[in-house]
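Mapping of the sequence shown onto UniProt numbering: position 2 corresponds to residue 2, and the numbering continues sequentially without gaps. For reference, the structure discussed in these notes is given below.
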Amino acid sequence: MLAMLPHCGQTFAERMKKVEVWKWCNLSEFIVYYESFTNCTEVETNVVGCYWPNPLAESFIAGVHRRFFQNCSVDRQHWQDPPDEILIPLIAVPILLTIAMTGVVVWRSKRTDQVV
């Protein structure tokens with residue numbers, strides 16, 4: 001099976017030559033080529049009677065990733081709490097509303113008992 005996968009990698013490499021190197025980290029620039037590569041690896045593994053993905057196919061795909069996408073990094077957003085002026089009301093308002101609604105329910109239930 002592993003002998004069939006390099007064909008998929010070579011085809012992908014030839015297609016990636018059409019994409020400028022500085023665009024290799026932008027998936028929208030080569031998504032069609034990558035989809036063809038993925039489909040090729042899936043078909044080749046299924047032809048020889050293996051399931052996809054499997055450890056051999058995954059290691060081959062990881063090698064292709066190392067070759068083309070090793071310099072691509074994911075910019076992760078660093079979340080931080082909002083300022084206290086915003087955070088305190090966001091916490092306090094639901095708590096106060098819960099207490100107020102509980103008080104209204106208790107008050108109404110006592111009032112109904114007295115009327116009947």
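Here a beta-carbon is modelled for each residue, glycine too, at the ideal position from N, C-alpha and C.
- At least 9 Å separates the beta-carbon of C8 from that of C50.
- With fewer than 16 other beta carbons inside 10 angstroms of its own, L56 counts as exposed.
- Cβ neighbours of F68 within its own chain (closer than 7 Å, five residues either side excluded): M16, W24.
- Under the 10 Å beta carbon count, T45 is surrounded by 16 or more other beta carbons and is classified as buried.
- In the DSSP annotation of this structure, the continuous segment of the alpha helix (DSSP H) that includes Y33 starts and ends at 31 to 47.
- Just so you know, the alpha carbons of Y33 and V48 end up roughly 23 Å apart.
- With respect to the C-alpha of Q10, the residue from K110, Q77, I61, W22 having the closest C-alpha is I61.
- Under the three-state reduction of DSSP output, H65 falls in the helix class.
- Scanning its chain for C-beta atoms nearer than 6 Å, with the 5 sequence neighbours on each side dropped, one finds around F30 the residues V19, in chain order.
- Note on geometry: alpha-carbon atoms of N26 and D84 lie some 38 Å from one another.
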